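Undergrad:
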Amino acid sequence: MELYRSHVLICGGTGCTSSGSDKVADKFDSELKKHDLDKEVKVVRTGCFGLCEVGPIVVVYPEGAFYSRITEEDVKLIVEEHLMKGRIVKDLLYDDSVKDDIIKSLSEVEFYKKQMRVALKGCGLIDPEDIDEYIAIDGYRALAKAVTEMTPEQVIDTLKESGLRGRGGAGFPTGLKWSFAAKAEGDEKYVICNADEGDPGAFMDRSILEGDPHAIIEAMTIAGYCIDASQGFIYVRAEYPIAVKRLNIAINQAKEYGLLGKNIFDSGFDFDLEVRLGAGAFVCGEETALISSIEGKRGEPTPKPPFPANEGVFGKPTLINNVETFANIPQILLNGPEWFTKIGTEKSKGTKVFALGGKINNTGLVEVPMGTTLREIVYEVGGGIPNGKKFKAAQTGGPSGGCIPASNLDVPIDYESLAQVGSMMGSGGLIIMDEDNCMVDIAKFFLQFTVDESCGKCPPCRIGTKRMLEILEKITSGNGTMEDIDNLEILANNIKQSALCGLGQTAPNPVLSTLTYFRDEYIAHVKDKKCPAGVCTNLLSYEIIEDKCRGCGLCARSCPVTAISGEKKKPYKIDQDKCIKCGACMEKCPFGAIIRK
Amino acid sequence: MKSIKELEEIRNRTLEKVNLRKDRQTGIRVVVGMATCGIAAGARPVLHAFMEEISKRKLQDVIVTQTGCIGVCRLEPIVEVFVPGEEKVTYVEMTPEKVARVVAEHIVNGRVVKEFTIGSYE
Ligand SMILES: Cc1cc2nc3c(=O)[nH]c(=O)nc-3n(C[C@H](O)[C@H](O)[C@H](O)COP(=O)(O)O)c2cc1C
Ligand code: SF4
Ligand code: SF4
Ligand code: SF4
Ligand code: FES
Ligand code: FES
Numbered sequence: 001m002e003l004y005r006s007h008v009l010i011c012g013g014t015g016c017t018s019s020g021s022d023k024v025a026d027k028f029d030s031e032l033k034k035h036d037l038d039k040e041v042k043v044v045r046t047g048c049f050g051l052c053e054v055g056p057i058v059v060v061y062p063e064g065a066f067y068s069r070i071t072e073e074d075v076k077l078i079v080e081e082h083l084m085k086g087r088i089v090k091d092l093l094y095d096d097s098v099k100d101d102i103i104k105s106l107s108e109v110e111f112y113k114k115q116m117r118v119a120l121k122g123c124g125l126i127d128p129e130d131i132d133e134y135i136a137i138d139g140y141r142a143l144a145k146a147v148t149e150m151t152p153e154q155v156i157d158t159l160k161e162s163g164l165r166g167r168g169g170a171g172f173p174t175g176l177k178w179s180f181a182a183k184a185e186g187d188e189k190y191v192i193c194n195a196d197e198g199d200p201g202a203f204m205d206r207s208i209l210e211g212d213p214h215a216i217i218e219a220m221t222i223a224g225y226c227i228d229a230s231q232g233f234i235y236v237r238a239e240y241p242i243a244v245k246r247l248n249i250a251i252n253q254a255k256e257y258g259l260l261g262k263n264i265f266d267s268g269f270d271f272d273l274e275v276r277l278g279a280g281a282f283v284c285g286e287e288t289a290l291i292s293s294i295e296g297k298r299g300e301p302t303p304k305p306p307f308p309a310n311e312g313v314f315g316k317p318t319l320i321n322n323v324e325t326f327a328n329i330p331q332i333l334l335n336g337p338e339w340f341t342k343i344g345t346e347k348s349k350g351t352k353v354f355a356l357g358g359k360i361n362n363t364g365l366v367e368v369p370m371g372t373t374l375r376e377i378v379y380e381v382g383g384g385i386p387n388g389k390k391f392k393a394a395q396t397g398g399p400s401g402g403c404i405p406a407s408n409l410d411v412p413i414d415y416e417s418l419a420q421v422g423s424m425m426g427s428g429g430l431i432i433m434d435e436d437n438c439m440v441d442i443a444k445f446f447l448q449f450t451v452d453e454s455c456g457k458c459p460p461c462r463i464g465t466k467r468m469l470e471i472l473e474k475i476t477s478g479n480g481t482m483e484d485i486d487n488l489e490i491l492a493n494n495i496k497q498s499a500l501c502g503l504g505q506t507a508p509n510p511v512l513s514t515l516t517y518f519r520d521e522y523i524a525h526v527k528d529k530k531c532p533a534g535v536c537t538n539l540l541s542y543e544i545i546e547d548k549c550r551g552c553g554l555c556a557r558s559c560p561v562t563a564i565s566g567e568k569k570k571p572y573k574i575d576q577d578k579c580i581k582c583g584a585c586m587e588k589c590p591f592g593a594i595i596r597k
Numbered sequence: 598m599k600s601i602k603e604l605e606e607i608r609n610r611t612l613e614k615v616n617l618r619k620d621r622q623t624g625i626r627v628v629v630g631m632a633t634c635g636i637a638a639g640a641r642p643v644l645h646a647f648m649e650e651i652s653k654r655k656l657q658d659v660i661v662t663q664t665g666c667i668g669v670c671r672l673e674p675i676v677e678v679f680v681p682g683e684e685k686v687t688y689v690e691m692t693p694e695k696v697a698r699v700v701a702e703h704i705v706n707g708r709v710v711k712e713f714t715i716g717s718y719e
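Protein chains in written order, with the numbering used here: chain A, 1 to 597; chain B, 598 to 719.
1) Report, in whole angstroms, the separation of the C-beta atoms of R45 (chain A) and D127 (chain A), which I expect to be a contact under 8 Å.
2) Straight-line CA distance for T662 (chain B) to A640 (chain B)?
3) Note down the Cα distance separating N335 (chain A) from E603 (chain B), rounded to an integer number of angstroms.
4) Would you say I137 (chain A) reaches chain B, if we count a Cβ-Cβ gap shorter than 8 Å as a contact?
5) Against Q657 (chain B), what residues of chain A qualify as contacts under a CB-to-CB distance less than 9 Å, listed in chain order?
6) Can you tell me whether N493 (chain A) is buried or exposed? The criterion is at least 16 other CB atoms within 10 Å of its CB, across all chains shown.
7) Are at least three pairs of beta-carbons, each pair with one atom in the region 439-457 of chain A and one in the region 397-410 of chain A, less than 8 Å apart?
8) Taking a cut of 8 Å between CB atoms, which residues from the region 684-697 of chain B lie near chain A?
9) Does the count of Cβ pairs from the region 314-327 of chain A and the region 174-186 of chain A closer than 8 Å reach three?
10) Give the residues of chain A in contact with I660 (chain B), contact being defined as C-beta atoms less than 9 Å apart.
11) Less than 8 Å between CB atoms is the rule here; does V669 (chain B) satisfy it with respect to chain A?
12) Got a sec: does ligand 4 put a non-hydrogen atom nearer than 7 Å to the Cβ of Y572 (chain A)?
13) If you follow the beta strand (DSSP E) that H7 (chain A) is part of, which residue opens it and which one closes it?
14) Within the chosen definition, does the region 668-686 of chain B reach the region 612-628 of chain B through at least 3 CB pairs nearer than 8 Å?
15) Would you mind working out which of A:G401, A:E380, A:R276 and A:S427 sits nearest T351 (chain A), comparing C-alpha positions?
16) Examine chain A for any beta-carbon lying closer than 8 Å to the beta-carbon of T611 (chain B), and answer yes or no.
17) Apart from the five residues on each side of it in sequence, which residues of its chain come closer than 7 Å, Cβ to Cβ, to K711 (chain B)?
18) What's the call for D547 (chain A), buried or exposed, on a 16-neighbour Cβ count within 10 Å?
19) For the beta strand (DSSP E) containing I585 (chain A), name the first residue and the last one.
20) Is the separation between the beta-carbon of I544 (chain A) and that of Y572 (chain A) shorter than 8 Å?
21) Between the region 111-119 of chain A and the region 347-366 of chain A, are three or more C-beta pairs nearer than 8 Å?
22) Going straight from the alpha carbon of P306 (chain A) to that of L3 (chain A), what length do you get?
23) For V676 (chain B), decide whether its Cβ has a neighbour in chain A, counting only Cβ atoms nearer than 8 Å.
24) In this structure, how does DSSP classify E712 (chain B) when only helix, strand and coil are distinguished?
25) Taking just the CA atoms, how far does E287 (chain A) sit from P508 (chain A)?
26) Starting from the N-terminal side, write out each stretch of the beta strand (DSSP E) that is 3 residues or longer and does not extend beyond the region 509-592 of chain A.
27) Please check the pair C313 (chain A) and L277 (chain A), which I expect to be a contact at CB under 8 Å, by giving their CB distance rounded to whole angstroms.
28) So with Cβ pairs under 8 Å, would you call R618 (chain B) a contact of chain A?
29) Looking at the structure shown, is K457 (chain A) part of a helix, part of a strand, or coil, going by DSSP?
30) I believe L503 (chain A) touches G464 (chain A) by the beta-carbon criterion, under 8 Å. Please report the beta-carbon distance rounded to the nearest angstrom.
31) Can you list, in chain order, the residues of the region 150-182 of chain A whose Cβ is nearer than 9 Å to any Cβ on chain B?
32) Here's the rule: buried if 16 or more other CB atoms are within 10 angstroms of the residue's CB, otherwise exposed. What is P241 (chain A)?
33) I'd like to know whether the C-beta of E673 (chain B) is nearer than 8 Å to at least one C-beta of chain A.
34) Quick one: measure Cβ to Cβ for K457 (chain A) and P301 (chain A), integer angstroms, because I've assumed they're closer than 8 Å.
35) So within the region 103-188 of chain A, which uninterrupted alpha helix (DSSP H) runs reach at least 4 residues, ignoring any that extend past its ends?
36) Are T516 (chain A) and S400 (chain A) closer than 8 Å when you measure CB to CB?
What follows is the structure in structure tokens.
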């Protein structure tokens, strides 16, 4: 075997790839060759490290130097200084990773301190296109153990003992779901991995597929063994090209090694996998719609029961789990259920991956033990709110979830606690909002998403959410009445109870939770005709403060509709009837004389 | 794949390679001077010899890294060994042949190989 003295890990996740990590990796290849180092230094393209915000990320081992925002031009310096002469290029290190001249190891960087990587274990560590590297970190050992040493019942019992619950949203106990599918009668059965992930702002599942695809293949094969299925489908969005490519590479490698196919580990068990591409409709993430889509029909939900465990794809018993759920399974079998139950809270075991976004310093991918508080995630992992602004709310669970206000910052993040404060875990989008966000506008944003994505099959969702959106639009444009607020609430509760599938049943949640915690903002829009956060255009006005205005005339020149007039050296005025509220004047005024109200 | 043994073989074969990517705060550090004069004097084969010797013996908690100019170019190749809690030891005029002894005596058994250290040269 070749021994490399240094490894250069370059993030090949979607975030870093879009900021140019491909070119950086190519440049490393060529620079290393040029200096005759290509036999000494190994270049590895990994999955997401988490800190996508400061990508492209490059980590050099054995020193563990964590470089951020690396461009093609920086590569020469890293090769010539660090890799040739052993001098770490301090200027390129991630800010938080140097202190008092000592390079902190990755686990000491604030961003990683509270994190624990279970589902993301291989992400950012191994080359996702090299099955041997997955095997080196104990990959496929859980499968080997399951099929050669355990009965399907024993595997399922292990999952039950671990307390693992589905990470796709609802949090149904995974072991129990597997036992239903195992018990179901059928000559053929199927295993499905739900990798649709349509929540706005979420990319946890995609990152796992990109960074550690074999973990999903291994877990699905174990599932096949447990429920006696010989075929599996991974349902991925076509707009996730890197994930699709790596999955296909991984499936082929697993087939070559005989880890998929006939007679796996000489146990007589056969299992095969196929990738199925989804067109990217949010409702196709709902399990019954997803199943219709795999069958080649329109992706529309059907009533439950029958549940997929009894009647799924092609009417056969089908086990369907989320990507992150699957990613936990090999770890549980390897380390034992006791290990898993020690992580997390009483009823929510293990860790949860979140895509942290919005008004937060470290946007990116994080994995924390269940029960970590929202405050810890925002201020320690996330590094706080940018520009010294105040935290206002966190939106969890995507369009199915709700907003958590600052008074609940100490809520532990687990299934029950989130439900208690009127939100939910969902699949794991975590969007942070500051004082500049208008909560009515946020509710409108999520409802707009639902209206666009509703499949239209049932009236409460098709018509009801549209009506809700109309009311919200009326309120944000300054024409709302107090009655509208009441109607909004009544409508929301009706839709929740009468919609056919989870999309419609949860669609009112963002509205309901903002009504609970930020009702005063709704009232301000209606009664005072004001948007307290200064977001809703119709309710804003730009005004010139006479005392501050020096009469320079800059604002008047920047106004696209000549709404500003005045005489040099005298206070200018804005004609409110003409003003279209574009904000251009406020940006231009050198004396801060223009305010938005 | 027919057996766990096969899987284990692939694992062991690849482990060394992935093992380098660990976050280590403890353990022994071997630092090889690799500035221009170090390389000219033959630091690279010395570094490789350390890597090989350490991997052969499957020493998990030892890392081999490099550094720039140490300051005494005439005694290159120079290697410093840092054992936690002990003073650093500087070996000079290292060769791949000397490496095996340093690994066996110093790194594994904790006995400094005095005759290779800077003290016995100065
Ligand atoms: C509208 C809607 C969209 C959904 N989207 C997803 C999704 O993108 N990914 C996912 O895993 N589950 C999604 N779900 C949940 C699935 O229906 C299902 O509960 C889940 O895949 C089960 O896996 P788990 O038990 O491992 O969580 C969605 C549900 C609804 C109602
Ligand atoms: S609730 Fe909405 S998405 Fe679900 S079936 Fe009804 S119309 Fe379709
Ligand atoms: S906000 Fe725009 S339209 Fe209104 S006065 Fe200023 S520049 Fe003119
Ligand atoms: S740019 Fe500012 S200071 Fe100048 S005229 Fe306009 S409001 Fe007055
Ligand atoms: S995609 Fe590179 S750190 Fe997330
Ligand atoms: S360059 Fe080697 S000690 Fe100075």
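Glycine is no exception: its CB is placed at the ideal position from the N, C-alpha and C atoms.
The model shown is predicted, which means the values in this text are computed figures rather than measured ones.
TA: For this structure:
1) 6 Å
2) One C-alpha to the other measures close to 12 Å.
3) 21 Å
4) yes
5) Those do not exist, as Q657 (chain B) stays about 12 Å from chain A at its closest Cβ, beyond 9 Å.
6) Under this definition N493 (chain A) is an exposed residue.
7) Contact between the region 439-457 of chain A and the region 397-410 of chain A is present, because at least three Cβ pairs lie under 8 Å.
8) none
9) yes
10) Y61, P62 and E63
11) no
12) yes
13) First-last of the beta strand (DSSP E) with H7 (chain A): S6 to C11.
14) Taking a cut-off of 8 Å for Cβ pairs, the region 668-686 of chain B and the region 612-628 of chain B touch, as three or more such pairs fall below it.
15) A:S427
16) yes
17) S717
18) It counts as exposed.
19) The residue asked about is misnamed: residue 585 (chain A) is Cys in this sequence, not Ile. Element bounds for C585 (chain A): not the beta strand (DSSP E) but the alpha helix (DSSP H), A584 to K588.
20) yes
21) Touching, yes.
22) 56 Å
23) no
24) helix
25) 20 Å
26) 542-544
27) The sequence given here has Val at residue 313 (chain A), not Cys. V313 (chain A) to L277 (chain A), Cβ: 16 Å. No contact.
28) By the rule that beta-carbons nearer than 8 Å mark a contact, R618 (chain B) touches chain A.
29) coil
30) Wrong, their Cβ atoms sit about 12 Å apart, outside the cutoff.
31) none
32) exposed
33) no
34) 7 Å
35) Annotation note: the region 103-188 of chain A contains the following uninterrupted alpha helix (DSSP H) runs of length 4 or greater, listed N- to C-terminal: 110-113, 131-136, 141-149, 152-162 and 174-183.
36) no
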